[in-house]
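Line by line, the protein sequences give chains S and L. Using this note's numbering, the letters of the first sequence map in sequence onto residues 3 to 91. Using this note's numbering, the letters of the second sequence map in sequence onto residues 336 to 700. Here is the structure we will look at, set down as structure tokens.
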Amino acid sequence: MVLTSLAEGPKHGYALIKDIETMSGEAMGPGTLYGVLVRLEQEGLVEALESEDRRRPYRLTGAGAVALRERLETITRVAKIGLRRLGPA
Amino acid sequence: MKIDPVRIAIAMHPRWWRRRYGEEVATITADLVEEGRSRWRVASGLAIDALRQWARGPVPDLTHSTAIRRQVAASAAALPIALVIPLVLYTTSYQRYRSAVWQQLGPLLPEPSWPNPHAFDHRAVEFVTRGSNATMTPTGPIVHGSMSWPTYMSGIGYFLITVLALVCLLGLLTIWSSMRSALWDRSRHSRTQRFLVWSPAVALVVITGLYLWANYLNQQPKFSFVTSHGHVVSTTTVLHPLLDKVVSDANLILGLGTLAGSIVAMAFLASRVELSAAEARVPLAISRMIGRIVPLLTVAYTLWALGLRLQGDPSSRGQVIVSYAHGGWWPLALVCLVYASVVSVRAVGAESHRLQHQVLSITHG
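Shown next as structure tokens:
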């Protein structure tokens with residue numbers, strides 16, 4: 003979800019929390035968000051930009067975009083298969 | 336003074352995390368609290384994340400000086416030892432787990448012909464279980480000590496410890512062998528560092544030697560008989576209690592001393608010797624695998640220690656448990672060694688990344 007949110011463009015922590023809340027309907031805490039951000043940053047999937055007024059924006063790297071695309075394609079494929087197997091509602 | 340849970344939760348994080356993310360998380364949290372989010376809920380989420388960050392071990396911080404990284408590596412390596420030493424001392428020094436097996440013989444059985452150590456072999460000697468006396472049968476196979484659920488728990492814990500520790504040991508040997516030649520080359524001008532390259536091997540040899548020695552001594556049983564409540568009671572003592580204590584304590588001190596030396600040596604090397612990214616790739620991959628095993632080992636140790644503590648009186652235990660208690664410290668030492676090596680390898684990896692960044696900066700500059 004963090005990668006999907008950043009696909010729109012660079013965002014700082016607060017904007018990410020709000021965007022994820024809008025996307026999923028679930029409230030995300032800063033503890034969870036920064037746990038994920040630390041890992042993504044270490045894996046080179048996101049990178050931090052210069053800090054603006056004590057808020058540091060993050061953006062998707064090239065590797066992050068590739069990883070996100072692969073993940074979304076997998077999810078889409080699985081969702082299509084699942085819906086087809088379920089049949090019409 | 337008003338307590339701010341968010342500030343406490345942020346302070347619980349490792350220093351590198353606070354330097355890197357502390358200020359922006361505090362700002363975001365203030366915004367969220369202002370719009371109505373519960374301060375305690377946010378703080379609990381941050382506290383859980385703090386535990387997660389500590390569990391990951393020291394993370395490469397490209398801005399840290401060598402001295403700080405060395406301190407971080409050494410203290411992170413010492414932490415598990417500081418946590419587990421009291422547990423080991425508590426468990427292994429408890430008299431119940433130090434003495435040997437007690438067997439109660441019924442009045443029907445003749446007094447065994449001492450000092451023949453095989454006097455029991457043709458007799459059926461059942462251990463007294465908690466709350467009921469053993470049924471005595473004149474002939475038949477030897478019946479092993481009763482197995483209660485804490486015994487099984489302890490046994491499963493010990494089995495897991497052994498298997499996981501062996502996997503870690505293999506990983507550790509692979510890490511060490513893939514780093515050894517590179518470390519040796521980089522340490523060409525320092526005799527001390529060249530010696531330190533071999534310190535894990537020295538630690539391994541010493542620990543194995545101590546284990547084999549303790550095992551050898553445990554193969555020398557001594558029998559004695561006393562009369563208690565009208566029954567003949569035999570005790571099988573591995574060593575004289577005083578000698579047993581001396582040997583166990585000496586093993587513990589020597590093992591942990593060697594281990595501590597190896598940890599300091601590896602932390603020292605990690606802070607001084609720099610590997611290229613290619614050289615650090617295999618050690619880092621294996622260290623990540625071992626890093627995932629270490630929490631499982633903690634669970635296994637908890638099972639083992641709890642099982643030992645939950646057992647009832649000595650008569651409800653079999654000899655198996657005695658050997659668990661005697662052999663318990665060395666896998667623990669191994670876990671600490673593995674953890675320390677993982678920390679050290681990560682520190683080496685951090686150095687490689689730092690160098691790469693420097694090279695990239697110069698190239699782009």
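Ideal Cβ positions, reconstructed from N, Cα and C, are used throughout, including at glycine.
**Report entry** Proximal residues to leucine 42 of chain S (C-beta, below 6 Å), its chain only, five neighbours per side dropped
**Finding:** Around leucine 42 of chain S: Val48.
Requested in this report: Would you kindly check if the distance between the Cβ of valine 40 of chain S and the Cβ of isoleucine 22 of chain S is under 9 Å?
Outcome: no
Query - Of the listed residues S:Gly31, S:Gly64, S:Ser26 and S:Arg58, nearest to lysine 13 of chain S (C-alpha basis) - result: S:Arg58
Query raised in the report: Which value, in whole angstroms, describes the spacing of the CA atoms of leucine 499 of chain L and tryptophan 639 of chain L?
Result: 14 Å
Report task. Measure the C-alpha to C-alpha separation of leucine 545 of chain L and tryptophan 484 of chain L and round it to an integer number of angstroms. Result -> 31 Å
Report task. Mind checking which residues open and close the beta strand (DSSP E) that includes alanine 50 of chain S? Result -> 48-50
Query raised in the report: Can you tell which of L:Arg627, L:Gly506, L:Ile491 and L:Val502 has its C-alpha closest to the C-alpha of threonine 637 of chain L?
Result: L:Ile491
Query raised in the report: Of all Cβ atoms in chain S, is any one closer than 9 Å to the Cβ of alanine 536 of chain L?
Result: no
Query raised in the report: What whole-angstrom Cβ distance do proline 340 of chain L and alanine 385 of chain L have, given they're in contact under 8 Å?
Result: That belief does not hold up - the Cβ atoms of proline 340 of chain L and alanine 385 of chain L are roughly 12 Å apart, past 8 Å.
Report task. Answer yes or no: does any C-beta atom of chain S fall closer than 9 Å to that of glycine 380 of chain L? Result -> yes
Query raised in the report: Start and end of the alpha helix (DSSP H) containing tyrosine 36 of chain S?
Result: 32-44
Query raised in the report: Of all the options S:Ser53, S:Gly66 and S:Ile83, which has the alpha carbon lying nearest to the alpha carbon of threonine 6 of chain S?
Result: S:Gly66
Query raised in the report: What first and last residue would you give for the alpha helix (DSSP H) that runs through arginine 61 of chain S?
Result: No alpha helix (DSSP H) holds arginine 61 of chain S; the beta strand (DSSP E) holding it covers 60-62.
Query raised in the report: In three-state DSSP terms, what is arginine 56 of chain S?
Result: coil
Requested in this report: Give the secondary structure of valine 368 of chain L by DSSP, where H, G and I count as helix, E and B as strand, and everything else as coil.
Outcome: helix
Query raised in the report: So with Cβ pairs under 9 Å, would you call leucine 547 of chain L a contact of chain S?
Result: no
Query - Exposure label - glutamate 52 of chain S; buried when at least 16 CB within 10 Å - result: Glutamate 52 of chain S should be labelled exposed.
Query raised in the report: For threonine 34 of chain S, which residues in chain L fall below 8 Å Cβ to Cβ?
Result: Within 8 Å Cβ-Cβ: Gly380 and Asp384.
**Report entry** Straight-line Cα distance separating leucine 641 of chain L from histidine 457 of chain L
**Finding:** Annotation note: pLDDT 29 at histidine 457 of chain L (below 50); position unreliable, no value reported.
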